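Only one structure is covered here, and it is reproduced in the block below.
Protein chains: 2
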Amino acid sequence: MYRTHTNGELRIEHVNKTVTLAGWVQKTRNKGFMIWVDLRDRYGITQLIFDEERTSPEVMEIAASLGREYVIQVTGQVIERESKNPAMPTGDIEILVSDLQILNESLTPPFTIENETDGGEDLRMKYRYLDIRRKPVRQNLVFRHKVTMAVRNYLSEKDFVEVETPYLIKSTPEGARDFVVPSRMNEGQFYALPQSPQTFKQLLMVGGMDKYFQIVKCFRDEDLRADRQPEFTQIDCEMAFVEQEDILQMFEGLTRHLLEEINGVTVTDFPRMTYDEAMRRYGNDKPDIRFGMEFGELNEVAQHKDFNVFNSAELVVGIAVPNGNTYSRKEIDALIDWVKRPQIGAMGMVYVRCNEDGSYKSSVDKFYDQQDLARWAEKTNAKPGDLICVLSGDVHKTRTQLSALRMHLAQELGLRKADEFAPLWVTDFPLLEWDEETSRYHAMHHPFTSPKPGQLELLESNPGAVKANAYDLVLNGNEIGGGSIRIYDKKVQAKMFDYLGFSKEEAKAQFGFLMDAFEYGAPPHGGIAFGLDRLVAILGGQETIRDFIAFPKNNAGRDVMIDAPAKIDESQLKELHLKLNIENQ
Amino acid sequence: MYRTHTNGELRIEHVNKTVTLAGWVQKTRNKGFMIWVDLRDRYGITQLIFDEERTSPEVMEIAASLGREYVIQVTGQVIERESKNPAMPTGDIEILVSDLQILNESLTPPFTIENETDGGEDLRMKYRYLDIRRKPVRQNLVFRHKVTMAVRNYLSEKDFVEVETPYLIKSTPEGARDFVVPSRMNEGQFYALPQSPQTFKQLLMVGGMDKYFQIVKCFRDEDLRADRQPEFTQIDCEMAFVEQEDILQMFEGLTRHLLEEINGVTVTDFPRMTYDEAMRRYGNDKPDIRFGMEFGELNEVAQHKDFNVFNSAELVVGIAVPNGNTYSRKEIDALIDWVKRPQIGAMGMVYVRCNEDGSYKSSVDKFYDQQDLARWAEKTNAKPGDLICVLSGDVHKTRTQLSALRMHLAQELGLRKADEFAPLWVTDFPLLEWDEETSRYHAMHHPFTSPKPGQLELLESNPGAVKANAYDLVLNGNEIGGGSIRIYDKKVQAKMFDYLGFSKEEAKAQFGFLMDAFEYGAPPHGGIAFGLDRLVAILGGQETIRDFIAFPKNNAGRDVMIDAPAKIDESQLKELHLKLNIENQ
Numbered sequence: 000m001y002r003t004h005t006n007g008e009l010r011i012e013h014v015n016k017t018v019t020l021a022g023w024v025q026k027t028r029n030k031g032f033m034i035w036v037d038l039r040d041r042y043g044i045t046q047l048i049f050d051e052e053r054t055s056p057e058v059m060e061i062a063a064s065l066g067r068e069y070v071i072q073v074t075g076q077v078i079e080r081e082s083k084n085p086a087m088p089t090g091d092i093e094i095l096v097s098d099l100q101i102l103n104e105s106l107t108p109p110f111t112i113e114n115e116t117d118g119g120e121d122l123r124m125k126y127r128y129l130d131i132r133r134k135p136v137r138q139n140l141v142f143r144h145k146v147t148m149a150v151r152n153y154l155s156e157k158d159f160v161e162v163e164t165p166y167l168i169k170s171t172p173e174g175a176r177d178f179v180v181p182s183r184m185n186e187g188q189f190y191a192l193p194q195s196p197q198t199f200k201q202l203l204m205v206g207g208m209d210k211y212f213q214i215v216k217c218f219r220d221e222d223l224r225a226d227r228q229p230e231f232t233q234i235d236c237e238m239a240f241v242e243q244e245d246i247l248q249m250f251e252g253l254t255r256h257l258l259e260e261i262n263g264v265t266v267t268d269f270p271r272m273t274y275d276e277a278m279r280r281y282g283n284d285k286p287d288i289r290f291g292m293e294f295g296e297l298n299e300v301a302q303h304k305d306f307n308v309f310n311s312a313e314l315v316v317g318i319a320v321p322n323g324n325t326y327s328r329k330e331i332d333a334l335i336d337w338v339k340r341p342q343i344g345a346m347g348m349v350y351v352r353c354n355e356d357g358s359y360k361s362s363v364d365k366f367y368d369q370q371d372l373a374r375w376a377e378k379t380n381a382k383p384g385d386l387i388c389v390l391s392g393d394v395h396k397t398r399t400q401l402s403a404l405r406m407h408l409a410q411e412l413g414l415r416k417a418d419e420f421a422p423l424w425v426t427d428f429p430l431l432e433w434d435e436e437t438s439r440y441h442a443m444h445h446p447f448t449s450p451k452p453g454q455l456e457l458l459e460s461n462p463g464a465v466k467a468n469a470y471d472l473v474l475n476g477n478e479i480g481g482g483s484i485r486i487y488d489k490k491v492q493a494k495m496f497d498y499l500g501f502s503k504e505e506a507k508a509q510f511g512f513l514m515d516a517f518e519y520g521a522p523p524h525g526g527i528a529f530g531l532d533r534l535v536a537i538l539g540g541q542e543t544i545r546d547f548i549a550f551p552k553n554n555a556g557r558d559v560m561i562d563a564p565a566k567i568d569e570s571q572l573k574e575l576h577l578k579l580n581i582e583n584q
Numbered sequence: 000m001y002r003t004h005t006n007g008e009l010r011i012e013h014v015n016k017t018v019t020l021a022g023w024v025q026k027t028r029n030k031g032f033m034i035w036v037d038l039r040d041r042y043g044i045t046q047l048i049f050d051e052e053r054t055s056p057e058v059m060e061i062a063a064s065l066g067r068e069y070v071i072q073v074t075g076q077v078i079e080r081e082s083k084n085p086a087m088p089t090g091d092i093e094i095l096v097s098d099l100q101i102l103n104e105s106l107t108p109p110f111t112i113e114n115e116t117d118g119g120e121d122l123r124m125k126y127r128y129l130d131i132r133r134k135p136v137r138q139n140l141v142f143r144h145k146v147t148m149a150v151r152n153y154l155s156e157k158d159f160v161e162v163e164t165p166y167l168i169k170s171t172p173e174g175a176r177d178f179v180v181p182s183r184m185n186e187g188q189f190y191a192l193p194q195s196p197q198t199f200k201q202l203l204m205v206g207g208m209d210k211y212f213q214i215v216k217c218f219r220d221e222d223l224r225a226d227r228q229p230e231f232t233q234i235d236c237e238m239a240f241v242e243q244e245d246i247l248q249m250f251e252g253l254t255r256h257l258l259e260e261i262n263g264v265t266v267t268d269f270p271r272m273t274y275d276e277a278m279r280r281y282g283n284d285k286p287d288i289r290f291g292m293e294f295g296e297l298n299e300v301a302q303h304k305d306f307n308v309f310n311s312a313e314l315v316v317g318i319a320v321p322n323g324n325t326y327s328r329k330e331i332d333a334l335i336d337w338v339k340r341p342q343i344g345a346m347g348m349v350y351v352r353c354n355e356d357g358s359y360k361s362s363v364d365k366f367y368d369q370q371d372l373a374r375w376a377e378k379t380n381a382k383p384g385d386l387i388c389v390l391s392g393d394v395h396k397t398r399t400q401l402s403a404l405r406m407h408l409a410q411e412l413g414l415r416k417a418d419e420f421a422p423l424w425v426t427d428f429p430l431l432e433w434d435e436e437t438s439r440y441h442a443m444h445h446p447f448t449s450p451k452p453g454q455l456e457l458l459e460s461n462p463g464a465v466k467a468n469a470y471d472l473v474l475n476g477n478e479i480g481g482g483s484i485r486i487y488d489k490k491v492q493a494k495m496f497d498y499l500g501f502s503k504e505e506a507k508a509q510f511g512f513l514m515d516a517f518e519y520g521a522p523p524h525g526g527i528a529f530g531l532d533r534l535v536a537i538l539g540g541q542e543t544i545r546d547f548i549a550f551p552k553n554n555a556g557r558d559v560m561i562d563a564p565a566k567i568d569e570s571q572l573k574e575l576h577l578k579l580n581i582e583n584q
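Right under this line is the structure:
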């Protein structure tokens, strides 16, 4: 036994006890006649004291030789500290060491093992095992564990069964790119790693499992954007004999439970909003509703004068920035520059200062009088002292631009508070989404999503207008989950594949097993999947998922610590019936 | 809402309630004026009754049209049954149906959805979604879920943190063959799927996580034997600042907890045995100790006469078969044939009948007198009425053969009872194992396993004798877990790699990150991994893991339901910088 206690548990009531502790040397202070060592493990830090009057010269000598991150084991007596440290749970006591053993030495770490480290991202990733010794990183991983335990226990209580679905499955060209796995035993053939267990969970519903969940790794070979990982974790769920309302209720329950159990927050409001409404009010299908700044559509009150920019626009829309009238001209110009950046892409921005005396001063005073501007203020809900920002143009683009501005301003104004939680269901998503590249409609969610009752008929005449039984769960402006009620009628499913441009043969080759299964009594069913990495980050009050993953990959999909991916032996390739196909080799 | 209740919950106290149920038609009995339907879901079966006096003609007509496995929804009144069925939890009541809707039709399934089905293995696997509707399969999956929840809750209680380690890692030629994943973004490079999270869990210990576990999929591209899967699930665990005793205690606790919580069995004995002892007493490093038939070594009492077969043998060893004297000559000949089968490979078998009167009759009476045979009986602990079976030859082979015979006989004699549980630790495994093929010693467990204190020195002089801090957890004759105390000293680890034939460069290329980590204060650590598939099967009183996996692969590593692996598009190959390397293409 290496220790009698951890470094986080000794208190004043342990005084006089003889204890054995083990851990890492966080830091040492050597006054010659006295040496203090902070001993660290996962559970905390305990102060050790070596004192030439009470400690043997041999032990003093070893203590003097200790370096940062040495692994040591000590035995000693718990004594009361002369100067207590109320900031530390163990701050009332220290250990007067009688015996000290060095279990392992350490080189000086490449960055400090402190809450605020001097190590940059790259160095921290390369030495992730040292980074994990830092309290914030370790706490994130423990936090993640707490969240998954809470999810599992909640869903188990509700009769969900966690079923493991296979990782070595079949590649389907639809959707994102698959990672594939060459089969040695089946020459010229490949498995694919799942992008999600979608078809398997539907098969489990056909199989009568009734309520399924799984916390499961999924894989997508996409060109990585910031904060995307090639492997990511989902909380995947499916229920049979349900309508949309049953799913929303169940997972509203889960979300409330998590916020209560993990964050100690009781959510009173759990609003719902259709996709159309979310787009109209926030220009965004995952609006952050912790703060106002709702969109005011101004076409009606801005398209009656000679301002051609507005008159020719599909949409004129504004938001009121609380107390924005305090912005200097320079600050407003900076905002205008911000929306004109290529990432946002607005052509310009009109603004209206709402003075405290009730008058207005705008950048378009040439075209609009005080009465006009008062009506803008009314539409955007602007108060005296606010600033109205107005964008115009194509409906979708303008909304997206103004939404970006709204989020940017909210961040700057400190309106996105990490400890405030506002969940929201967004429902009635469009079934299809226009793809510029292929000039075709694609399934917005996936091809198994059912259209809203009675809307299937619109598929031919007005495909963009067809709404789906699809919903997203939004938390603080992030999509944390999304799902749908599935098609369970084989004729509807066949029609959908047909509409999406699958030939009968393609549909059969890729989803034949699902179509077959639907011949044998598929129940009505639907589900949802949560992105665990993001969910955990948001519950943890952060938005960077990488900080909640033990061993993340970088933006090139590399694990810089183990240096993967890497070359493999020629013999391995040969066994897999493969040759490299590389130019300039 | 599709239902007010499930098909497993209605009881006599619900009589007169109006309820809505949904599920699958298990069977129908149509007497014309009355129709009974057994309605099934995951939770049970409820009997529906349609009666021409009380049910509308329209509903009667639909009821008459129902086929097996149709999905229906009914509304009706709970009534008391005239003839109750005490074998069914819902057997006191039935539902007098007033409204019936067919939610989905079904083709006639290719096999019966009954506890005992008429479907063969192949058909069941192809239509696994129908197989899962069968109660035994469904119950196995629910059982598996219960086991994993119990494991997770127990370990969480004990301060273990579940940490997800990556699936896209780096190929290491050591050990079994890796599945690899070509990287599109890193030309000519490959990820590998983990055979286990071994190095990552050790890095987590270096990182101070202290207690880690994970229920995790692992992958091995081996030629499949019966009941092996290319993807399998482990309960992977690791602890820092522990000695072997700490690990044995902790996971003895887990095992006791599972047997108690899952099987309602309190284990009183939890014996330990060294590898050497297990081999001597049972010829097996995972002995089933639920029954006796321990080995009796007979060299001393059988090598003093003219029987050359024994005199020239390294080992003469026997077991006493309880009441085996009742075997006919024909039955004994069948046993002899059984051990001479190529799979077992014995040259022959000597037997001794122990008569009720205390006399002996053996197949070697020419060489041995009654007194000799009495000493054999003493060594094998044979009683009057038993049969002694004796094999001889090379120590290791003979033990293996006799162990196979022991298990075979125990199975036949019904001594391997599914509801009886006998766990056992086997400790002190050899560090190295001789590999005939490469004529070299290999790590028996893996190259990170530490030798027993003071034994490292034997590596050069007598490598086969070096014992490791390695242990297996055995349950009912199956290895359900195995682990070791790891090397945490970088010099010892380097020496081990060196001994195992890794050049410095190879060791660095494959395990450099671990060697690096060991430079920065690695704590003493060790762990264990359980094979979840097997653990669940054994707790479930069965030995075939495939019955506890939702979507297993066949012996050629194929998923016959989804037909994977499969060919992929030429364009996919090209993106991955690969060409097929197939003869006769």
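Order-wise, the sequence lines are chains Y and W.
For the first sequence, position 552 (counting from the first letter as 1) is numbered 551 according to numbering that gives the first Met the number 0, and the numbering increases by one without interruption.
For the second sequence, position 87 (counting from the first letter as 1) is numbered 86 according to numbering that gives the first Met the number 0, and the numbering increases by one without interruption.
Each residue gets a CB set at the ideal place from its N, CA and C atoms; glycine is no exception.
Remember, predicted model here, so these are calculated numbers, not experimental data.
Checklist entry - Hey, residue 76/W and residue 17/W: beta-carbon distance below 8 angstroms or not? => result yes
Checklist entry - Which partner residues of residue 213/W appear in the DSSP bridge assignment? => result 235/W
Item to check | Inside the segment 379 to 408 of chain Y only - beta strand (DSSP E) runs reaching at least 3 residues | outcome: 386 to 392
Next on the checklist: Run through the DSSP bridge pairs and tell me what residue 71/W is partnered with.
Outcome noted: 22/W and 101/W
Checklist entry - Which residues, taken in chain order from the segment 267 to 284 of chain W, show a beta carbon closer than 9 angstroms to some beta carbon of chain Y? => result So the list is empty, because no residue satisfies the distance condition.
Checklist entry - Which residue's Cα is closest to the Cα of residue 146/W: 74/W, 570/W, 547/W and 559/W? => result Answer by Cα proximity: 547/W.
Checklist entry - Between which two residues does the beta strand (DSSP E) carrying residue 277/Y extend? => result Segment 274 to 281 is the alpha helix (DSSP H) holding residue 277/Y; no beta strand (DSSP E) there.
Item to check | Closer than 8 angstroms to chain Y by CB, residue 546/W | outcome: no
Item to check | Bridge-paired residues (DSSP) for residue 451/W | outcome: According to DSSP, which records beta bridges pairwise, residue 451/W is partnered with nothing at all.
Next on the checklist: Can you confirm whether residue 579/W, when its beta carbon is compared against all beta carbons of chain Y, has any partner nearer than 8 angstroms?
Outcome noted: yes
Checklist entry - In the segment 465 to 511 of chain Y, which residue ranges form an unbroken alpha helix (DSSP H) of at least 4 residues, counting only runs that do not cross its ends? => result 489 to 498
Item to check | Contacts of residue 424/Y in chain W (Cβ-Cβ under 9 angstroms) | outcome: What residue 424/Y touches in chain W: nothing, since even the nearest Cβ is about 18 angstroms away.
Checklist entry - What residue does the alpha helix (DSSP H) around residue 135/Y start on, and which one ends it? => result Residue 135/Y -> alpha helix (DSSP H) spans 134 to 156.
Checklist entry - Does any residue of chain W bring its CB to less than 8 angstroms from the CB of residue 240/Y? => result yes
Checklist entry - Going along the chain, which residues of the segment 521 to 533 of chain Y sit with their C-beta nearer than 8 angstroms to a C-beta in chain W? => result 521, 522 and 523
Checklist entry - What is the DSSP secondary structure of residue 39/W, reduced to helix, strand or coil? => result strand
Checklist entry - Which residues in chain W sit within 8 angstroms of residue 160/Y, going by Cβ to Cβ distance? => result 140, 141 and 144
Item to check | Assumed close pair residue 425/Y, residue 356/Y - CB separation to whole angstroms, cut-off 8 angstroms | outcome: So it is not a contact: roughly 40 angstroms between Cβ atoms.
Checklist entry - What does a CB cutoff of less than 8 angstroms around residue 179/Y pick up in its chain, not counting 5 residues either side in sequence? => result 170, 189, 190, 191 and 192
Checklist entry - Nearest-angstrom Cα distance between residue 584/Y and residue 219/Y? => result Note on residue 584/Y: pLDDT 49, under 50, position unreliable in the model; the coordinate value appears next. So the two alpha carbons sit approximately 28 angstroms from each other.
Item to check | Buried/exposed call for residue 328/W, threshold 16 Cβ in 10 Å | outcome: exposed
Item to check | Residue closest to residue 514/W, alpha-carbon to alpha-carbon, out of 483/Y, 105/Y and 361/Y | outcome: 105/Y
Item to check | Test item: CB-CB of residue 640/Y and residue 214/Y under 8 angstroms | outcome: Past the edges of chain Y, shown from 0 to 584, lies residue 640/Y, and the structure says nothing about it.
Checklist entry - Which residue's Cα is closest to the Cα of residue 423/Y: 66/Y, 563/Y, 208/Y and 272/Y? => result Out of 66/Y, 563/Y, 208/Y and 272/Y, the CA that lies nearest to the CA of residue 423/Y is found in 272/Y.
Checklist entry - Got a sec? Which residues, its chain only, sit under 6 angstroms from residue 575/W by beta carbon, not counting five neighbours each side? => result 181 and 183
Item to check | Where the segment 72 to 88 of chain W meets chain C: residues whose CB sits under 7 angstroms from a CB there | outcome: The structure shown has no chain C; the protein chains it does contain are Y and W.
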